[in-house]
Structures are given as structure tokens and as C-alpha cells.
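Top line first, the protein sequences correspond to chains A and B. Residues in the first sequence are numbered consecutively from 520, following our numbering. Residues in the second sequence are numbered consecutively from 40, following our numbering. Beta carbons are placed, not taken as given, at the ideal position from N, Cα and C, and that holds for glycine.
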Amino acid sequence: MKLTCLSKGDGFQYPPCHILNLCGFRILIDCPLDLLAITIFSPVPCDVEASEYSSLDAQNPVQKKQKLEREMTPADLVCAEPWYKTVKALHLWEVSLIDVVLISNPMGVLGLPFLTQNPGFCAKIYMTEATAKIGQLMMEDLVSMHMEFRGFYGPEDSSFPGWMKNLDREEVPALLKKVVFGESGDDLGSWMRLYSLDDIKSCMKKVQAVNYAEEVCYNGTLVMKALSSGLDIGACNWLINGPHGSLSYVSDSIFVSHHAKSFDFHGLKGNDVMIYSDFSCLQSTELTENGCNSPDTATNSSEKKDENLAASLLDTEESLEELEKLAFVCSCAAESADAGGSTLITITQIGIVLQLLELMSNSLESSSLKVPIFVISSVAEELLAYTNTIPEWLCKQRQEKLISGEPSFGHLKFIKDKKIHLFPAIHSPNLITSWQEPCIVFAPHSSLRLGPSVQLLQRWRGDPKSLLVLEDGLSSGLGLLPFRPIAMKILQCSFLSGIRLQKLPTLLSVLQPKRVLVPDVVNQRINLTEIKTNSILKYSENKTLRVPRITANPDVEIMAELASKLSWRKLRQRENFGIARLKGELLMKDGKYRLVSGLEQEESSGKARPLRHWGSVAPETLVDALLKMGITGSVEHSTGEDGSEDNRIIHVTNPSSGLIETSEMGTTIITDDENIASQIFQAIDGILDGI
Amino acid sequence: MAIDCLILGAGQEIDFSLLSKTGDFDKELSCIIITHFHMDHVGALPYFTEVCGYNGPIYMSYPTKALSPLMLEDYRRVMVDRRGEEELFTTTHIANCMKKVIALDLKQTIQVDQDLQIRGYYAGHVIGAVMVYAKVGDAAIVYTGDYNMTTDRHLGAAKIERLQLDLLISESTYATTIRGSKYPREREFLQAVHKCVAGGGKALIPSFALGRAQELCMLLDDYWERMNIKVPIYFSSGLTIQANMYYKMLISWTSQNVKEKHATHNPFDFKNVKDFDRSLIHAPGPCVLFATPGMLCAGFSLEVFKHWAPSPLNLVALPGYSVAGTVGHKLMSGKPTTVDLYNGTKVDVRCKIHQVAFSPHTDAKGIMDLTKFLSPKNVVLVHGEKPSMMSLKDKITSELNIPCFVPANGETVSFTSTTFIKATASDTFLKSCSSPNFKFSNSTQLHVTDQRTADGVLVVEKNKKSKIVHQDEVSEVLNEKNHEVSLAYCCPVKGKGESEDVDLIKELSEKITETVSGTQIHESGNCLQVGSFKGTLCLKDKCVHRSEISSSEGVFLCCNWSVADLELGWKIINVIKQNL
């Protein structure tokens, strides 16, 4: 088995990407887009003033030069139809040699059409049904938002991106260069022009959607199963079983979720290899110095201990913390609405959006505020309808809601009551009639370059009463640059998007994998050496880690029918042994070798003569045996020329002549009489053990 | 083997002591799986868990888990409130019982305990119905529950993958019926209803809350839309309205068609359907009413029937099957002019009666198709009438050549199940299995076959796991030294004249090819090799391998071959001899 980490990703929006070599198959895990990178582009200007400003700039590059060594201004951003940044290292792999693609969450789908539009692509793609649906909607939304750019800049003729031309100039700010060219300066090839709706369609046609915990078998060899990771609706961890053992891929996981089905870690117990691919701890600054508080000091019986450990993973502390964060966002929105300001929420994570929608509608209803909630997205209606039809991917409380006849998410009722308004786009005809400020708007995209959020931000940025709710990490980069100066309040939220590092040791002692593959960057943050039961291997970005096999030999199942036909040979000196020749067809089914009766049924294998012998032939015994068959012979001792070789010869005289040469190594029958030769062979076979 | 306990029949009829004499059901049963929410499949569950005290796991699909409590509560009410029978379980019992249920997704593979693995496949009978696949060790069965092999308007057809099965247990409600296309039947039904309402009559469709009601309603709603009919369609009970809401949320369990439409318009949002109010029974004007329960066995549908039956304008459309003894059954089995209701009152029946042959059960062809598709080692038929089951049994035995059984209640049938012997395989063995074994035959066209046969040696040692090794490895495993047995003969060859060695070898190899078919001969210098047969021109004057009789003059080919190629060796020797 070999693992190559192609990218360690960056937060929820950009999950890690790996290539796994297993049983001779190449498996790509996730195919994301680095959506934060599009912040280098300038958003479509919404008013004439701004557009004039930018076009003026484009005509007059000299003006730019004078701005050396200064703060970046909106004018530094690239004014062109955006391209999208994919995983760089993925382009180094021959697409046609990928056998399987596993997707672990909707964000991991976004780059997939880039791969499937390659004519050589022939891999089988597996993802959960919910991921397929949500992923497709997100891609469609991305394309529809991108259309605005295409409409503004017009069709681009050449396949060479014009915007790249001037970026290596000296006066281009370093920050921008870093995003475009990467740290090592070779990222240019990872920029791609966005796919079309047709590309998405043909990509999704190649997807095999799996149900919750459904076992799917690839090529008879690998049996794969998706178990919930708790990160978001449809997000999963993968369990792969093959003839050479079992492997689990643990992506960003959340133990107790209030929207998606929680991390199903019980299903991942006792695997041979566990790939820990939760990089979420890199997002937070928390350091775990005393991380390994050796959980195995408990004196209880092992089973009890296991339960306790599992329970400690499920403590509600962090989930309560998440609820508090959500409540805080709601209260901030209410506050600004109270003061007459509007709120713009640009969060991507569907689970969070759904919970916020529910919470806000509820809190608005209980207060006297009459503030409408708008959800503006081309796919909002379908997405919101869909989330109420997938009980298997929702958390327990929401499942129970559905079972008692209520919708799993509360937004349905509010939509009906016209408290939440859904619009496909900001220019939807009905939007203007129901528009009312202050209001609360959920609108993509979190990069603040695409979609309705751009116009709304431009509208409200000067209003100190208004509030912008952002995902963490955006404000530090180029994100807010085009909208500066901003008078608006800004709330940055970072929601839990993975396993807390201090829980990792406990998780490992509950799951008891024989080997754990941990990213080196994670390993640096936590001391895992005290966990004795596991052998820990470290992997790093763009390096291939070879993992030696654990199980020595794979199992083969022999069909009873075939086994009953075997003819057993007893061995002379060994009572405990039985051996039999085995002939059949070796099949691979459901990850198991199986030996069945072959097509050409061998004539009863008992009759076939042994082909392999061991032991030694004493010439005297052989002469006796031959005599019983009516063959006479005499022994001639011949010491080899150098005296060391103990070669003995039997001269056969009757019924026809022949020679038998025997030594420790073997016996040779020398005669031109076929019958005599066969008889002699039988005699030898009677003396030796063979098969 | 663990038992998949499908609770069949109403609680009273089941004697649970058959399962366990001591009453310790948890020990006897690995789990309970409920295939769908019909009373004859789930009816006794609360009784079993809450009164008998079963405490093990219970599995059912999400829709079944959601809808069973409604059905159970309705059933309990009918039993207690209307018929005055003693209740088997209370509302609290139902609620507590449902809390213990573990919900399943389609195809979700669940390891119940160390041995038992279960999985549900789409059965199509009602929403959430599953066929159950269960595997213990190497033995596997499928229990179909009730299923439907044709696509409905609102549900898909049963869907299962090819599995290796020892046993298929199939329902056989319609063991001899073969249904044609459903479209003519649909048209007939629509025409009957349309004619009735066009004539100002009222159409009563007694049906159960879930299943046929949605199917027919969808059909009517569509037709109303197309024909622009404004006559109201009513649903009698809140249950059906509530049920429709469930259907809306369980959209992933409906037919493909519904799923595709659902994004733009949820087909369970019926445009023309309204709630019925008791006062509307005597309201003038035409209408269509779906009333529960089906079969006109009790309750509201019977009450409405009492009022509407005397008018010749009206229509009663009976979907599906009616149990003997119900009013529905009486109406279908003849053209009665009066019908006795249960409490002794008689009702004049002058309305039209239309039977709608819409059954969510598969027909005989469906059972045959499924059996053929799955090709199990054995078939057991359950759920149906004995004579027709016997005839289907004969058909399965003769046409598909699969042993088939129709056990009576309480009878036990035993089967031998598939077993495998497990052994670890060595790498050399596995590698040898996957190396190609090309065979070329050249009659008129070149045929290339690659029949890979696994050829190994099974080594069994007492108290140890069996091993499969390659034949070269046997001695190593046994800690022995190989002893090679071979044959040798220095054969006289007489070439034409004083030809070169190389030419002689060529000549020989040509001859060998002529007579010994399917061999590949390698020549090199003064050697030729066929398999393990090796012949070298003998340069010695006196070779030990030479037969003493033959003279030492001439050219000799010193041959050596292993016992594996015993026959081949002699064949070649004969060829060379003939050439002398």
C-alpha cells in the first residue's frame, strides 16, 4: 500500500486530496477546488463609477507602476474572467491510470468535472447519494454565478489566459503572486477555466451514488463502505476491505453534530490501517502539549474501559459550544436589525446555514422584530427541499422529527408563512416587490467574488449598522480588499470542522487500528509516542509513503464441493499432516479469494501421479520393491570420481535392461523401455513421499 | 442460525411460545426485522416487545419506522373502540416499542452480531417495504416480504442485485395470477369514476390510508388536471392527510418518476384533494371520496357506504383484495341487492360496483422472474392460498429446476447451506494463479485461450490453519528436501549424411512438431527443449544413459525429462526412434 498526499487542503472549503495505491489499484480521494484563490480576481463592478475606474486602470498600466511598495488597492486585483485553482499535484498523475475516485464530502466534488472532462478518464467514482446531490447543486450554483463574469467580460477566445500575462511583473504585489504562482512558483498549471453545465452533467453520470453504509465492490477486490463523518450532510469516512486487510480513511469528522449524522466511529474499529486525514486542527491555533494523557491507565475491565472512552469522545461540550456560536450569530443579526441594519451571511457549510435559518426564524418569531429573511441562490429551493428528504444523513434528533411527522429542518414552515423568501438570483422579478430593509440575507459565495453577496456587500459596506457574517480566514487575505473602506460590522465565525486534536489519542485507543498514518504537520502538534498499541507512520504533502503489508497471507475460501473431491495423501513420517493437490479456478469476489471447481474439470486428481517428491531412496529397498513387481536388479556402489558424491546405481537386467541412478538430490531412471520405466517409477513413488 | 422474525398475523393468532419455551426471547432471536408497516407484518410487535418482554434489536426502514406507529395506533383504536375487543397493547406500548427500533437505509449493511449480517433491498410493495438479505457465515438467504415487480405511479419496482443464495423465501399471494398491462385497468377505473361524477353521482373508494390511496389519488389528480374536472376529491381521515405529508418527506423511497419531478413540484401535493367533513356525506352534487378503512370492514368507509349505496347514481370502487366476510368481499363476489352490515342492518345496494385490480403484490410472472434472477439453491413459498402455491411450486421445480417447498404453519424445513473451507494462501501460489496460461490452437483461424487454473497443494496440519502453497513450496513447508525423479535415455539419431549439428536439431524439431501437437520447441545450438524434456547431442563415446545393446557408433541425442512430462518424453523418443 502506498499513500501520496497531494494536498493538505485548507479548511472546510478545500478538503485534503490523496492518492492511495491499494491492491494494485489507484484510488483518488477527493477532488476539491481552492476557492479562496479566486479572491485574486476583482468582482464584477456593480456601478458605473467602479467599472470606469477599473477600465481606466487597465488602459493605463503606467499608473500602476507608480504604486510600488505600498498597500494593495482594489486596482491590484486581476480584472478578468476568473480561473479556478485545482490541486496542483493532481495534474502530475496520468488521469487514465486512476481506477477509483472516492469523494468524502460535497466540497470534494467541486473539482471533479476537470478530471472527468479528460478523455482518458475511466475511473469509477463513488460518493454518497447526499454528497452527489449537494455537490451537483453546488457546482451548478458555481457555474451560474460565474455566468455573470462571462457576461461582463465577454467570451474569451484563446485558450491562453490573458490575465496571467502581466502577473510576473515586479510591481505586482507579493501576496497576489503567492496565490497565483504558489510558494514554490510552479502553481500556474493548476489554474483552470471553469467547467460548463454540460461538463457537470457528464461528470455526474459517471458517479455511482451509494446509500448509507452500503457495501460496494470494485472489481471484485475492494469492498468500500461510506460511514458518516458528521462534518456535513452526506459527508463520510470510507472503509475499504480488500484481500490484504482493511483500511479506514478518516476525514474531518465531528463527534456530535446538530445537523448531520454524527461521526460513526464504531464502524471503523479494529482496522489494519487507518489514514487520519483530519487537518482541521491546523486551522485553529490551539496547541496540545499534554495531549497524550495516556488513557489506558484505567483499571476497569477492557470492555467497560472502551465504553468509557467512547463516551468521553461524545461529550457534549464542543457541540454546545457550536450551538452557542450559532446563537451568537443570531443575536448579532437581531441586534443590527434592531438598529435598522441588514445582515449578510455568506457561509458555505449547508448544515450551518440550515441551523442558522432555523434559529433565526425562531428567534425572530419570538421577538417583535419584523425582519424578512432572504435566501438568494440559484439552487436554494432545491437544496432546502432536498435536505428534508434524507433522514439517513441527519442527526438523531432530526431523524426523530421526521419520524414523528415533522420536517427535519424548520425552514419549510417559515417558507410557507412567507417569513423566509427564496430567490434564485438578485435580479429575480419578485425580489424587488418583497424586498424590504433591514433584512437578513443568506447569499453565496463565501469568497465574496461571486454571486449575490458581491452586490449586497457593495450596497451595505458603507452602512455601520449593517453586519457581514464571514467564514474565518477570508478577511486576512484579499477577501475584503475590493470593498474597502468598510463601515459595516464584520463577524468572522469559525465553526468546528473536524476532530479536536486532544481527542485523537482517545479515538485511536477506541478504534485500535494496527497502523495509523498521521500527517506530519499534525504529528508536530501532538505527542503520540505514548500510544503503544499502534504503530504510527507520518506522511507529508507530495511525498509517497509506503506502508508494508500487515496480514501475512490472504485467506482463500475453498468451495466445499471442491474440497470434498480432494484426494488426501498421508505422509509417512508425519501423522499430523495431510496434503492434497488442489485444482480449480481462483476467483476474486467481494474482496475475498475463492477457489471453485474449474471449467475444465481435471480427471479425478487422485489418479494423477505425484509430481513432486521428497525423502531419499535406499537402493536396497528399491531392489526389493522391484523384485515384488517381477523386475530384477542389482546394486552397484560407485563412489564418484572425487569420492564425495554418493551416487548409487542399480542395474536392471530383467525383463529388459535399464539403469537407476540415485542420490540425495534425485533419482534418474535410464531405459528405453516405456513399461519398465513406468514400473520403476511406481516403485520409487512407493518409497518416497510425494504429491 | 439466527431467526429473522417477521411478525406475521395479528397478535392473537401467534403463539410466541413456539419461539421459546422459557420465554427468553432475547436468547432465541438475534434480531427482529420488519419488512413493511402492514398490520400482518408489524401488528404484534408492541405486544412482543412490551408484553412478552423481547429486548433485542429491531430493524426497519425509515418509512416503516415513521409510519408503523400510525398504523398500529389506528389498528388499536379499531380493535378497542369500534369492535370492543380487549386491547393487546396500549398507546404507550407503541411509543416505547418504536423507541427501540433501529432505522435502516436501503442496502445499508448491518452486522447484527458476530455472525449475522443483514441488508434491505427495495421491495416496492408499499413505501418503505424491503426485502431482507441475511447472511450467517457462508449461508445466505433472502426473505422477500411482500413485493411488487412492476413500477407503480408512486413506487418503484422491487430491486435487488444478483446474490449467491442458499434460500429464497418468497411471498406468493398471487401465485397463479398473471396480470397484463395496468394501463387498460387504469383507464377503466378512471372512466368509471368519471362517468359517475359526470352523472352527478358520488364515488366512494374505500381504501387503507397508505399505499393504494396515494396511487389512485395520484392517478385521479392527474386525470382531473388533464380533463379539467372541477369535482372535488376528498380524503376522509386525517390519517391519509398526515400520510401524504410523510410521503412528501420520504420522497427518496418513491418511484424514479416522482423523485425527478419532486424538485419542481411534489407529486404528493395533490392539487384537487380536500379534507372531508362528516357533514358533506349528504351534501348535494358529485364528489369522489377516499375513505378508510379498505374492504368496507368497519368504520367511516362503511358508514358512508350505508348512505350512498342505495342511489343508482353512485359508485363504489374497490381497490385490491378483500378478505372473506367483509362487505367488500360480498360486493365483489356477486351482484347483491342487499347487504347485511355487521350489526344486523340491511342496506339496499343500487349503486354501481367497480373492482379495481390494483394490487401492490407481484404476480406469478414476477415471482418466477425474481426466482430466475436470483437463482437460489432452494425456494420456499409463503403467504398465499395452498392450491395456487402448489401449482407455482411445480412450475418453479420444473421450469427453473430449483427445489421448492411450501411448508405449512408450524412446519420446519431444513436445507444444507453453502460452506467454504478457509485456508491461507502463499504468495507464490497466488502469483502462479494469475500468470496467464495461453493456449494457441490453429485450425482455420488462430484461437487464443487463456484458461488459468489454480494449481496448488493444500497442506493441513492438526490444530493449525490450513495452507495453500505452490507445489514448489511443499517440501519447504514440510521441512524436507526435494527429491527429483527423472528419466533419461541417450537415444540414437541417424541424420541424413554428414549434416551439421544445428541442421540435425532442426530436422528433429520439425519431426516432433509434426507428430506431437500443441508443443513449443526451443532450439539452441545442439540442444532442443520441450517442456522439461531436454535433448542434447551426446559427444561422449560411452554414455551411461545409453542402452547397452545399441552400438556406440553414430550420433546420439542424450535425453532427460522429469516425471511431469512422462508421456511427452516417450512420445518424443518414439518420434526419434521412428526416424532411425
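So who's on the other strand from residue i, going by DSSP bridges?
{"i": "B:Leu567", "result": "B:Glu562 and B:Gly574"}
{"i": "A:His940", "result": "A:Phe893"}
{"i": "B:Asn417", "result": "B:Leu206"}
{"i": "B:His486", "result": "B:Ser480"}
{"i": "A:Trp710", "result": "A:Lys604"}
{"i": "A:Pro1038", "result": "A:Tyr1058"}
{"i": "B:Ser622", "result": "This structure cannot settle anything about residue 622 of chain B, because the visible part of chain B is limited to 40 through 619."}
{"i": "A:Pro625", "result": "In DSSP, A:Pro625 forms no bridge with anything."}
{"i": "B:Glu523", "result": "A:Gly1185"}
{"i": "A:Val563", "result": "Answer is none; A:Val563 lacks a bridge partner."}
So residue i contacts chain A; which residues on that side make the cut at Cβ distance below 8 Å?
{"i": "B:Glu227", "result": "By Cβ distance, chain A contributes nothing, its closest Cβ being about 34 Å from B:Glu227, past 8 Å."}
{"i": "B:Asp144", "result": "Asn730, Tyr731, Ala732, Glu733 and Glu911"}
Note down, in chain order, every chain B residue with its Cβ under 9 Å from the Cβ of residue i.
{"i": "A:His1132", "result": "Ser514, Asn521, His522, Glu523, Val524 and Val602"}
{"i": "A:Glu826", "result": "Here the premise fails: no neighbours, minimum Cβ distance about 17 Å."}
{"i": "A:Met1184", "result": "Lys520, Asn521, His522 and Glu523"}
What in chain B is Cβ-close to residue i, meaning under 8 Å?
{"i": "A:Tyr1112", "result": "Ala464 and Leu469"}
{"i": "A:Glu901", "result": "Ala302"}
{"i": "A:Pro1073", "result": "Thr463, Ala464 and Leu469"}
Could you tell me which chain A residues have their CB closer than 7 Å to the CB of residue i, listed as they occur along the chain?
{"i": "B:Met288", "result": "Asn907, Thr908, Leu921 and Pro926"}
{"i": "B:Gly495", "result": "Leu1101"}
Looking at C-alpha atoms only, which residue of the options is the closest neighbour of residue i?
{"i": "B:Gly359", "options": "B:Leu341, B:Thr401 and B:Ala168", "result": "B:Thr401"}
{"i": "B:Lys66", "options": "B:Thr331, B:Glu126 and B:Gly95", "result": "B:Gly95"}
{"i": "B:Asp79", "options": "B:Ile392, B:Ile272 and B:Leu111", "result": "B:Leu111"}
{"i": "A:Phe942", "options": "A:Ile892, A:Leu611, A:Gln655 and A:Arg1093", "result": "A:Ile892"}
{"i": "B:Glu500", "options": "A:His778, A:Arg1088 and A:Lys984", "result": "A:Arg1088"}
{"i": "A:Val614", "options": "A:Tyr603, A:Gln636 and A:Asp595", "result": "A:Gln636"}
{"i": "B:Ala403", "options": "B:Met429, B:Leu380, B:Val388 and B:Val378", "result": "B:Met429"}
{"i": "A:Lys1022", "options": "A:His763, A:Ser897 and A:Ser772", "result": "A:Ser772"}
{"i": "A:Arg978", "options": "A:Gly992, A:Phe782, A:Leu989 and A:Ala1006", "result": "A:Ala1006"}
{"i": "B:Gln394", "options": "B:Val487, B:Glu124 and B:Ala242", "result": "B:Ala242"}
Among residues of its own chain, excluding the 5 on either side of residue i, which ones have a beta-carbon nearer than 6 Å to its beta-carbon?
{"i": "A:Gly630", "result": "Cys550, Pro551, Leu552 and Thr605"}
{"i": "A:Val1075", "result": "Tyr1112 and Leu1114"}
{"i": "B:Ala162", "result": "Ala168, Val169, Met170, Gly184, Tyr186 and Ala197"}
{"i": "A:Asp1208", "result": "Leu1090, Arg1091, Trp1133 and Gly1134"}
{"i": "A:Thr1063", "result": "Lys521 and Thr523"}
{"i": "A:Ile871", "result": "Phe1014"}
Can you find the residues in the same chain that come closer than 8 Å, C-beta to C-beta, to residue i, ignoring five residues on each side of it along the sequence?
{"i": "A:Val1029", "result": "Phe784, Lys788, Asp825, Leu828, Ala829 and Leu832"}
{"i": "B:Thr457", "result": "Asp177, Ala178, Ala179, Gln203, Asp205 and Lys416"}
{"i": "B:Val498", "result": "Ser505, Lys506, Ile507, Val508, Val513, Val516 and Leu517"}
Apart from the five residues on each side of it in sequence, which residues of its chain come closer than 7 Å, Cβ to Cβ, to residue i?
{"i": "A:Pro477", "result": "Residue 477 of chain A falls outside the range modelled here, since chain A spans only 520 to 1210, and no answer is possible."}
{"i": "A:Gly627", "result": "Pro534, Asp549, Cys550 and Pro551"}
{"i": "B:Cys443", "result": "Val418, Leu420, Lys432, Ile435 and Thr436"}
{"i": "B:Ile615", "result": "Cys530, Val532, Leu547 and Leu596"}
{"i": "B:Val297", "result": "His193, Ile290 and Pro306"}
{"i": "B:Pro446", "result": "Val419 and Val452"}
Name the chain A residues whose beta carbon is nearer than 9 Å to that of residue i?
{"i": "B:Glu500", "result": "Arg1093, Asn1095, Phe1096 and Gly1097"}
Exercise for review: Determine, using beta-carbon pairs with one atom in the region 77-97 of chain B and one in the region 132-139 of chain B, whether at least three such pairs fall under 8 Å.
Suggested key: yes
Point to revise | Contact the region 918-938 of chain A vs the region 877-892 of chain A: 3+ CB pairs below 8 Å | key: yes
Practice item. Could you say if the region 309-328 of chain B and the region 210-217 of chain B meet the contact criterion of at least three C-beta pairs nearer than 8 Å? Key: no
**Study point:** Stretch pair the region 669-689 of chain A + the region 644-653 of chain A: three plus CB contacts closer than 8 Å
**Key:** no
Check your understanding: Counting pairs of Cβ atoms below 8 Å between the region 1020-1036 of chain A and the region 1066-1074 of chain A, do you hit three or more?
Key -> yes
Check your understanding: Quick check: the region 250-262 of chain B against the region 281-288 of chain B, are there 3 or more CB pairs under 8 Å?
Key -> yes
Review point. Three or more C-beta pairs closer than 8 Å, one from the region 843-859 of chain A and one from the region 726-744 of chain A: is that the case here?
Key: no
Review point. Is the region 937-953 of chain A touching the region 920-927 of chain A in the sense that three or more CB pairs, one from each, lie closer than 8 Å?
Key: no
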